[in-house]
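2 protein chains.
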Amino acid sequence: MKENITIIGAGLVGSLLSIYLSKRGYKVKVYERRGDMRKEKMSAGRSINLALSDRGLLALEKVGLAEEIKKISIPMHGRYIHNLDGSSAFQPYGKEGQYINSVSRGTLNMKLMDLAEEQGVEIYFNEKLSKIDWSNEVIEFESNKNKPLPSFKTDLIFGADGAFSAARLQHQLQHGKFNYSQYYIDCGYKELTIPPTSDGEFAMQVNALHIWPRKDYMLIALPNLDKTFTCTLFFPFEGEASFEKLSTPEAVKSFFERTFPDAVKLMPDYINEFFTNPTSSLVTVKCFPWIRGDKFALIGDAAHAIVPFFGQGMNCGFEDCRVLDELIDKHKQDWGKILKEYQTLRKPDGDAIADLAINNFTEMRDKTADPKFLLQKKIEARLHEKYPDKWIPAYSQVTFSPHIRYSEALKRGQMQEAIMQDVMAMPGIEEKWENVEVEDVILRRLNS
Amino acid sequence: MKENITIIGAGLVGSLLSIYLSKRGYKVKVYERRGDMRKEKMSAGRSINLALSDRGLLALEKVGLAEEIKKISIPMHGRYIHNLDGSSAFQPYGKEGQYINSVSRGTLNMKLMDLAEEQGVEIYFNEKLSKIDWSNEVIEFESNKNKPLPSFKTDLIFGADGAFSAARLQHQLQHGKFNYSQYYIDCGYKELTIPPTSDGEFAMQVNALHIWPRKDYMLIALPNLDKTFTCTLFFPFEGEASFEKLSTPEAVKSFFERTFPDAVKLMPDYINEFFTNPTSSLVTVKCFPWIRGDKFALIGDAAHAIVPFFGQGMNCGFEDCRVLDELIDKHKQDWGKILKEYQTLRKPDGDAIADLAINNFTEMRDKTADPKFLLQKKIEARLHEKYPDKWIPAYSQVTFSPHIRYSEALKRGQMQEAIMQDVMAMPGIEEKWENVEVEDVILRRLNS
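Protein chains in written order, with this note's numbering: chain A, 1 to 448; chain B, 1001 to 1448.
Put into structure tokens, the structure is as follows:
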């Protein structure tokens, strides 16, 4: 019977995990590399807000936080597309009443830490992991380096320390056959701001995720409670239009005015921000195994870092916690069995959402500007209305159907996409898309 | 104009590369982590022999070594299949007169080092790389650690230090967006020996690569000049039949007698060897970029470690050297251009042979025992005889067609395999495979 649990990382997933575990009576200590964000200012320009959707909400519900978090988040009912020619279009994410939530990463994290501490979790800040030695059950932190070794025995360690996890590195270094991949896409990102209007209002439609799709790159914007929007430019590092090329204020100005004319009018400080805010990279990390017997497990980004284009990074990490919690019940606290099944269940789902997230970049930056794609979405939405169980669009499976596994959503999505490819190739589909003929073709293919 | 070149690693690829470069007048220094194998005994039990095929030979030809190496290698004209029921079958690798060559890794490496030194290459042994600092152009080795820093400037560095390349690690650590994957297959390997018969002869047919295909695993054997065969068991680490399970001499004996009854009779010492020789793992490494401007490049396994099932690891590394050498001519020693095109050309080929090698494991361990697969090979061989330019079996493209790129071989092979899948599904194919009807189907598909 285990009593003590150590979590590396007090980010979103580490904090939520600590709540889940302390609720079950474990003594939980969390070690965080950074300072306490509740006392120090967060650095600007790095993924300020996030899209919380049903998987994340379900996991928060179990610890009684969902309603409170919904109160401090902003519903986004669909994509608001800003085309280059000045036209715009709104694409609902799902059915009437379905939406995702723009929420501040900092606020959410601080709330989770508060709740964790209320429940007796001990969080230590400025503690950078330097070593985990499984054979001797010793964890070391940099702060202890020159002191007599204050190492301690622990029953179970979780690595919840993100994409560049120090816990994972220790795991890897003490493993003979560790499968590992890190893949950086060719694009990086930079955050910019749209402030409130002069009369203190949101400068654009608030209940939407705004996208300026420009084929190889895009600008997006999410609303914040303070009536600003945080914009993110996803942009190639190198090439014709790239961060490398935009090296002077003049180049930035000329490019933005040409490419995002309507957005530029709303961003008075974008040129300054462009050179002040960091350019960040986007990595997918896959690895295996995630666990060591009943002693260690990776969770969240540390196990499966993904790119942000499906808005599922946090949601997937929260789901890890929920699934793990259910397995604690199922296996009656037998941690050997719990961790083994956790890994068996979550590894294919982590792989699937990683691939889905990569694919969604193409969809967002390129296809959302394509009328044919919009028609396809309309046909799928109609099918979903009429046959809610038979046809669930891939986006809805991932975002609004927390009981469909990511791996299942990927598979069903690919099957549906193959059908839709054929449907979209039907002559005159633009005119007859609401006809029974089209519907019949789809249903027949579905049942074959 | 560069003058000095440093190569990390004096293995097969590092040594051959040093010959190529010193022939062009560069001052080449090679640093090798291990001792000088010409003076010390190599450790037993780790990939003693290799299959040298046309790509490797072409690269050796250019430095005048092909004929000499062929003299100390043993031709293998095909696969000699040992079935579980005691039956056997011979599958030629290609056309009459086409074969691959069993050659001793040690002998080949020593010959390459001798030739390199004759040409003025300086090889330093027991020099373990500890750091490459590109911004200051400093290389450090562990031997220098406690001495005043004997660092030196160098014009160009090659990392030719294998799958677990220390040079690659330095490259990675000083790179913000390095794509990297290491993937271990579930099987490891162990080497065993078939000694000569009591009258000093080869115990089996000498001019073949012997395979005991057993679905999830296999034993293979390659001939050596001393009339022994080196056997390699490719076997799961865990599971029903696995290294984990064979933990006692009794278990090994019972398993081998049941699974490889004919081989057991030829291996008097296999039980002892099983516990003395190491169990090694098999990794695929892919990474990008391979180069840093005109200062650094990875080559051979350091750039693209692959599993051994296509017998192409060394051949691919040698081909890297040949292609690089041709680019030196093309770009008139402009190393920025040379390295850039080297990477552009070789990265897709390294990826392709990595995937081909993984796929070939299934073919060797499983399909070679399947009569349907043997028939498919016969049909393809017949096509190749009749239409040598139109249809080249995938194995022949990789092994006997050094001017077809690996990436092209992978693509053409997949296309041909799709055709053959349909052909093999034709009713009565077993009887009519030599009919014009079958040929017509294939040719029509090929031309469509």
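Don't be surprised by glycine CBs; every beta carbon is placed ideally from N, CA and C.
A quick note: this is a predicted structure, and the numbers were derived from the prediction, not measured.
(Q) On the DSSP letters alone, give me the boundaries of the beta strand (DSSP E) that A:M76 sits inside. (A) Looking at the DSSP string, the run of the beta strand (DSSP E) that includes A:M76 is 74-76.
Q: Scan the stretch 102-169 of chain A and note each continuous alpha helix (DSSP H) run of 4 residues or more that stays entirely inside, going in chain order.
A: For the stretch 102-169 of chain A, whole alpha helix (DSSP H) runs of length 4 or above, ordered along the chain, are 105-118.
Q. Whose C-beta lies closer than 8 Å to the C-beta of A:G336 among residues of the same chain, with five residues either side of it excluded?
A. Residues of the same chain with a CB within less than 8 Å of the CB of A:G336, apart from the 5 flanking positions on each side, are G293, D294 in chain order.
Q. Nearest CA to the CA of A:Y20: which residue from A:A59, A:I185, A:R105?
A. Measuring from the Cα of A:Y20, the nearest candidate turns out to be A:A59.
Q. How would you list, in chain order, the residues of chain A whose beta-carbon sits under 7 Å from the beta-carbon of B:K1177?
A. Chain A residues near B:K1177: Y184, S281.
(Q) I need the straight-line Cα distance from B:D1269 to B:G1239, nearest angstrom please. (A) About 25 Å.
Q) Would a check of beta-carbon distances place A:S165 closer than 9 Å to chain B? A) Taking Cβ atoms only, chain B never reaches closer than 9 Å to A:S165, which makes this a no.
Q) Can the beta-carbon of A:H210 be found closer than 9 Å to that of A:R79? A) Yes; because the gap between Cβ atoms is below 9 Å, this pair is in contact.
Q: State the start and end residues of the unbroken beta strand (DSSP E) segment that holds B:D1186.
A: Counted as a single uninterrupted DSSP element, the beta strand (DSSP E) harbouring B:D1186 occupies residues 1179-1194.
(Q) Which runs of the beta strand (DSSP E) at least 3 residues long sit entirely within the stretch 1260-1340 of chain B? Give them in chain order. (A) Uninterrupted beta strand (DSSP E) stretches at least 3 residues long and entirely within the stretch 1260-1340 of chain B occur at 1280-1288, 1296-1298, given in chain order.
Q. Where does A:L112 land, buried or exposed, given buried means 16+ other C-beta within 10 angstroms?
A. A:L112 should be labelled buried.
Q. Mind checking B:F1090: buried by the 16 CB within 10 Å criterion, or exposed?
A. Counting Cβ neighbours within 10 Å, B:F1090 comes out exposed, since fewer than 16 surround it.
Q. Ordered along the chain, which non-local residues of its own chain (more than five positions away) have a Cβ less than 6 Å from that of B:P1148?
A. Low per-residue confidence applies at B:P1148: pLDDT is 44, beneath 50, and the placement is therefore not dependable enough to give any value.
Q) Which residue or residues does DSSP assign as beta-bridge partners of A:F91? A) Looking at the sequence itself, residue 91 of chain A is Gln, so the reference to Phe does not match. A:R79, per the DSSP bridge assignment.
Q: Could you have a look at A:A208 and say whether DSSP puts it in helix, strand or coil?
A: Three-state result, A:A208: coil.
Q | Bridge partners - B:M1218, DSSP secondary structure assignment | A | According to DSSP, residue pairing for B:M1218 in a beta bridge involves B:P1213, B:F1234.
Q. In chain order, what residues of the same chain lie with their CB nearer than 6 Å to the CB of A:Q376, ignoring the 5 residues before and after it?
A. Residues of the same chain with a CB within less than 6 Å of the CB of A:Q376, apart from the 5 flanking positions on each side, are M420, M424 in chain order.
Q: Kindly list, in the order they appear in chain B, the residues whose Cβ is closer than 9 Å to that of A:S181.
A: Under the 9 Å cutoff, chain B gives N1179, Y1180, S1181, Q1182, Y1183, K1286.
Q.
Tell me which residues share the same chain as A:Y406 and place their Cβ nearer than 6 Å to its Cβ, disregarding the 5 neighbours each side in the sequence.
A. Within the same chain, Cβ atoms closer than 6 Å to the Cβ of A:Y406 are found at D349, A352, I353, the five residues on either side in sequence being excluded.
Q.
Would you say A:F237 lies against chain B (beta-carbon separation less than 9 Å)?
A. For A:F237, the nearest CB of chain B lies under 9 Å from its own CB, placing it at the interface with that chain.
Q) From B:P1308 to B:A1357, what distance separates their C-alpha atoms? A) Answer to the nearest angstrom: the Cα atoms are 7 Å apart.
Q.
Pull the bridge partners of B:T1006 from the DSSP assignment, please.
A. Note: B:T1006 sits in a beta bridge opposite B:K1029, B:I1157.
Q.
Please classify A:H403 as buried or exposed, where buried requires at least 16 neighbouring CB atoms within 10 angstroms.
A. Under a 10 Å Cβ-count criterion, A:H403 is classified as exposed, with fewer than 16 other Cβ atoms of the shown protein chains found around its own Cβ.
Q. Would DSSP call A:A354 helix, strand or coil?
A. In the structure shown, A:A354 sits in a helix (DSSP, three-state: H, G or I).
Q. If A:M314 sits next to A:G56, beta carbons under 8 Å apart, how far is it from one beta carbon to the other, in whole angstroms?
A. Correct: roughly 6 Å between the Cβ atoms.
Q. I think A:P213 touches A:M364, with their Cβ atoms under 8 Å apart; what is that distance to the nearest whole Å?
A. With 8 Å as the limit, A:P213 and A:M364 qualify as a contact, their Cβ atoms being about 6 Å apart.
Q) Counting contacts by CB-CB distance shorter than 9 Å, is A:P148 in contact with chain B? A) Per-residue confidence for A:P148 stands at a pLDDT of 44, beneath the threshold of 50, marking its modelled position as unreliable; the derived number appears in the next sentence. Not an interface residue.
Q | Span of the beta strand (DSSP E), counted from its first residue to its last, around B:L1052 | A | Start and end: 1049-1052.
Q: Would you identify the three-state DSSP class for B:F1255, choosing helix, strand or coil?
A: Reduced to three states, the DSSP call for B:F1255 is helix.
**Q.** C-alpha distance - B:L1017 paired with B:T1232, whole-angstrom precision
**A.** Each residue's Cα considered, the two are about 29 Å apart.
Q. DSSP on B:F1202, reduced to helix/strand/coil?
A. Coil.
Q.
Please state the DSSP three-state secondary structure of A:P371.
A. In the displayed model, A:P371 falls within a helix according to three-state DSSP.
Q: Less than 8 Å between the CB atoms is what I'm expecting for A:F158 and A:I299, so what's the real figure, rounded?
A: About 6 Å; that satisfies the 8 Å criterion.
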